[in-house]
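Written below as structure tokens is the structure these notes are about.
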Amino acid sequence: MTTENPKLIGLVCERSVDFKGHLDDEGNMLDHPSVKIIRVPCSGQIQPVMLETALKNGANGTFALGCRMGDCHYREGNKFCRDRLIGKRMPKLKPSVDKRRVQGYWLSAVEYDKLSELVGQFVEDCKSLPAPEVKSTAKAAK
Amino acid sequence: MYTEPLQNATLWLERGLNKLFSQKYNPFYYHGALPNFFIWALFISGLLLFAYYQPTLATAYASVRYITYELPFGNLFRSIHRYASDGMMIFVILHMFRVWFTDRYREYRIVPWVTGVVLLIITFIVGLSGYLLIWDQEAVTLANMTFNLVGKTPFVGAALAEALMAGKMITDYTLTRMMFLHLGIPLFMMFMLWLHYLRITRPVSEPPLALVVMLSGVLFLFSAAFPVELGVLTNMSDPAAAPLLTAVSPNVYFDLLYAWPQYLAAHNVAPLLVVLLVIAVPVGLLILPYLQKKALRDQFAVVTRENCTGCSLCYNDCPYEAIEMVDRGNDGTRFKRLAVVDPGRCANCGLCVGACAFKAIEIPRRDTNNVLAEIEAALTVS
Ligand code: HEM
Ligand code: SF4
Ligand code: SF4
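Chains F and D, in that order, are what the protein sequence lines are.
For the first sequence, the numbering used here assigns the number 132 to the initial residue and increments by one for each residue that follows.
For the second sequence, the numbering used here assigns the number 1114 to the initial residue and increments by one for each residue that follows.
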């Protein structure tokens, strides 16, 4: 089974890729309109539970975006975020999470072109994954 | 903010370097660690020079000549020491510009910045005293002009020059004093480095092994291929008769880093003005962090006492030593410790938020509940 128009949530460090001029009013990427960008001060603030929440509520995929490894403005945030995604640091992503639906990208403010390419690839990959089950109680009640 | 174009330029440069070196070995990501590499290279190569150097007016030049032309491998060590000193200056300055251009130099980073300015001054003094130790004609001239300029400093000039020269004129003691500066000040540097790292959790103070090997190789081959020369000494008996440093010497680093005030002075710029220019550099650097508006308006992470289990995860992750785990006393919970944030050190970065599995710590500028609400909202709309 495939998904026609996969919805993606990107949790993004505000110091990494500069989205100025690349987002619509709702915060979706102009290049990939089904991708919603949500900013946080540093990828180190991204908790696995945020990514899990996105998937539970019906996102087909979700990604964290931080600065280049070695260049975190707060020194180690991106490294910690990556380690949480791959289960090497507490709090970890739940083992039950479908790893194909979670990505981490590490790019600097001047690398929008690369990010757009990678996200495009991710969108394509999500098309071949089955539609996710929505587990959120909020949605089930509706 | 004026640093934004500077930051973008740095990032573009690093983007190129990532292609060349790969992200893992990009030297720009070890901007603080590379000066440390050179400190070690200088220490090791300097030991041998120290063993054969003689700090008297009559023998200093001869001992350097012995090291350069007769001692086996002497000139290799001398060349390594010289080129490592150039490398040190280059990478310290690069480190400084990078933390400045990428806005890593103010507010909660004020301690590393201020100690960094002191380290910069120290590095210059060590470099300059090293050049003077050679005591060839260039060194003699530089010594004269430096002591002269220092003497022109308002109020403290005479005393400072006397302290530097270890007397009212250049004597054997002057070289002993230079030797003290060249060996003793680096010890003080170690103390300053300790202060430099005080508020930085896990400072990246060593470059990866591959970079160390590569840099050592470059330093070694370069020193073997282009051994340093020794200048002449024509006026040993009368240092004051040494010619002025008006022509540009073949050593660019030397000119740019240490000799420029002397050139200015030799070209009829008033000595007082030259002295003020020299003083303006560190003073300007110290003022720099205060020229920008505060980015975060005194915000800091806030702990919710009822949720905190004292697990220390936030304490481990905080990059600026801003969290302390304290004894929470008998407050009715079964937990022993509590996370407490030091507002002055907090970067408002949220790393502690990412570390906490108990919703016990938040930064005011980005509440977790808002992030979660935004995620849910984005998914219910469609
Ligand atoms: C002897 C020379 C120096 C050495 C060996 C040195 C070394 C270091 C190291 C290892 C770090 C930690 C980097 C990290 O882990 O992210 C650091 C940070 C820092 N240094 Fe230096 N440093 C030197 C001189 C300077 C100078 C001259 C300045 C500026 C005037 C400076 C300003 C800073 C600042 C502001 C930071 C904090 C950067 C951040 O928090 O991201 N340092 N230094
Ligand atoms: S991570 Fe959370 S629960 Fe653990 S000590 Fe820090 S604030 Fe308390
Ligand atoms: S926001 Fe948290 S992790 Fe960041 S400096 Fe402040 S206390 Fe430390």
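Ideal placement from N, C-alpha and C gives every residue a C-beta, glycine not left out.
Open item on the list: As a quick exercise: from 1262(D), 1319(D), 1303(D) and 1276(D), pick the residue whose alpha carbon is nearest that of residue 1143(D).
Closed with: When only C-alpha atoms are compared, the closest one is 1319(D).
Task: Residue closest to residue 1372(D), alpha-carbon to alpha-carbon, out of 1438(D), 1272(D), 1484(D) and 1258(D) - done: With distances taken between Cα atoms, residue 1372(D) lies closest to 1258(D).
Open item on the list: Give me the chain F residues within the contact set of residue 1430(D), using Cβ-Cβ distance strictly less than 9 angstroms, ordered along the chain.
Closed with: Simply 175, 207, 208, 211 and 220.
TODO: Taking residue 1301(D) as the reference, give the member of 1120(D), 1429(D), 1436(D) and 1238(D) with the closest Cα.
DONE: The shortest Cα separation from residue 1301(D) among 1120(D), 1429(D), 1436(D) and 1238(D) belongs to 1238(D).
Task: residue 1403(D) classed as buried or exposed, judged by whether at least 16 other C-beta atoms fall within 10 angstroms - done: Residue 1403(D) is classed as exposed because its beta carbon has fewer than 16 other beta carbons within 10 Å across all chains shown.
TODO: Enumerate in chain order the residues of its own chain whose CB-to-CB distance from residue 1472(D) is below 6 angstroms, with the five nearest sequence positions on each side excluded.
DONE: Counting only Cβ-Cβ distances below 6 angstroms, and skipping sequence neighbours, we find 1420.
TODO: Please classify residue 178(F): is it buried, with 16 or more other beta-carbons within 10 angstroms of its beta-carbon, or exposed?
DONE: Burial check for residue 178(F): the Cβ neighbour count within 10 Å reaches 16 or more, so the residue is buried.
Open item on the list: Are the CB atoms of residue 1468(D) and residue 1416(D) within a distance shorter than 8 angstroms?
Closed with: Not in contact: residue 1416(D) and residue 1468(D) (Cβ atoms no closer than 8 angstroms).
Open item on the list: So that I know if they touch, is there some Cβ in chain F lying closer than 8 angstroms to that of residue 1489(D)?
Closed with: Interface residue, yes.
Open item on the list: Please state whether the Cβ-Cβ distance between residue 1231(D) and residue 1305(D) is less than 8 angstroms.
Closed with: Here residue 1231(D) is near residue 1305(D), since their CB atoms are less than 8 angstroms apart.
Open item on the list: Between which residues of its own chain and residue 1160(D) is the CB-CB distance below 6 angstroms, once the five residues before and five after are set aside?
Closed with: So no residue of the chain qualifies.
- [ ] Return yes when the C-beta of residue 211(F) is under 7 angstroms from any heavy atom of ligand 2, and no when it is not.
- [x] Incorrect: residue 211(F) has no Cβ contact closer than 7 angstroms to ligand 2.
- [ ] Identify, in the order they occur along the chain, each residue of the same chain with its Cβ nearer than 6 angstroms to the Cβ of residue 1248(D), setting aside the five sequence neighbours on each side.
- [x] Within the same chain, 1173 and 1174 come within 6 angstroms of residue 1248(D) by CB-CB distance, once the 5 residues on both sides are set aside.
Task: Distance CB(residue 239(F))-CB(residue 1128(D)) smaller than 8 angstroms - done: For residue 239(F) and residue 1128(D), yes; Cβs fall inside 8 angstroms.
Task: Of the listed residues 1390(D), 1123(D) and 1180(D), nearest to residue 1207(D) (C-alpha basis) - done: Closest by C-alpha distance to residue 1207(D), out of 1390(D), 1123(D) and 1180(D), is 1123(D).
Open item on the list: Checking 8 angstroms against the spacing of the C-beta atoms, do residue 1432(D) and residue 1460(D) come in under that value?
Closed with: Taking 8 angstroms as the cut-off, the Cβ atoms of residue 1432(D) and residue 1460(D) count as close.
- [ ] Could you list which residues in chain D have their beta carbon closer than 9 angstroms to that of residue 204(F), in chain order?
- [x] By Cβ distance, chain D contributes 1215, 1216, 1217, 1460 and 1462.
- [ ] Spell out the partners DSSP gives residue 169(F) in its beta bridges.
- [x] Paired residues: 142(F).
TODO: Could you tell me the distance, in whole angstroms, from the CA atom of residue 224(F) to the CA atom of residue 1298(D)?
DONE: Going by the C-alpha atoms only, they are around 50 angstroms apart.
Open item on the list: Closer than 7 angstroms between beta carbons: that is the criterion. Which residues of the segment 227-242 of chain F meet it against chain D?
Closed with: Cβ contacts with chain D come from 239, 240, 241 and 242.
Task: Within chain D, the residues that residue 169(F) reaches when beta carbons sit closer than 9 angstroms - done: At a C-beta separation below 9 angstroms, residue 169(F) has these neighbours in chain D: 1484, 1487, 1488 and 1491.
Open item on the list: For chain D, check one thing: does any of its Cβ atoms lie closer than 8 angstroms to the Cβ of residue 258(F)?
Closed with: No - not a single Cβ of chain D is within 8 angstroms of the one on residue 258(F).
Task: 8 angstroms Cβ cut-off: residues of chain D touching residue 140(F) - done: Within chain D, the residues near residue 140(F) are 1488, 1491 and 1492.
- [ ] Could you run through the segment 1123-1139 of chain D and flag, in chain order, every residue whose CB is less than 9 angstroms away from some CB of chain F?
- [x] From the segment 1123-1139 of chain D, only 1124, 1125, 1127, 1128, 1131, 1136, 1137 and 1139 have a Cβ closer than 9 angstroms to chain F.
Task: ligand 2 heavy atom lying under 7 angstroms from the CB of residue 1133(D) - done: Distances taken from the Cβ of residue 1133(D) to the heavy atoms of ligand 2 include none shorter than 7 angstroms.
Open item on the list: In whole angstroms, give me the CA-to-CA distance for residue 1339(D) and residue 1192(D).
Closed with: In a straight line, the C-alpha of residue 1339(D) is about 8 angstroms away from that of residue 1192(D).
Task: Coil, strand or helix - residue 1256(D) by DSSP - done: Three-state result, residue 1256(D): helix.
Task: C-beta contact flag for residue 148(F) and residue 1125(D) at 8 angstroms - done: Contact: no.
Task: Same chain, Cβ closer than 7 angstroms to residue 1480(D), neighbours up to 5 away in sequence not counted - done: Excluding sequence neighbours, residue 1480(D) sits near nothing in its chain.
Task: Residue closest to residue 184(F), alpha-carbon to alpha-carbon, out of 1396(D), 1485(D) and 1493(D) - done: Measuring from the Cα of residue 184(F), the nearest candidate turns out to be 1485(D).
TODO: Go to residue 264(F), then tell me how far its beta strand (DSSP E) extends in each direction, as first and last residue.
DONE: It is not in any beta strand (DSSP E) - residue 264(F) carries neither H nor E in the DSSP assignment.
Open item on the list: Applying the 10 Å Cβ sphere with the 16-neighbour rule, what's the burial state of residue 248(F)?
Closed with: Counting Cβ neighbours within 10 Å, residue 248(F) comes out exposed, since fewer than 16 surround it.
TODO: Specify which residues have a beta carbon nearer than 5 angstroms to any heavy atom of ligand 2, listing them in chain order.
DONE: Matched residues: 1421(D), 1422(D), 1424(D), 1426(D), 1427(D), 1452(D), 1469(D), 1471(D), 1473(D) and 1474(D).
Task: Per-residue DSSP class, three states only, for residue 1270(D) - done: DSSP places residue 1270(D) in the helix class (H, G or I) of the three-state scheme.
Open item on the list: Suppose the cutoff is 7 angstroms on Cβ atoms and the five residues either side in sequence are ignored; what does the same chain contact list for residue 1158(D) look like?
Closed with: Around residue 1158(D): 1190, 1193, 1194 and 1197.
Task: Residues that residue 1450(D) contacts on chain F, provided the C-beta gap is smaller than 8 angstroms - done: Neighbours of residue 1450(D) on chain F: none; closest Cβ ~17 angstroms, over 8 angstroms.
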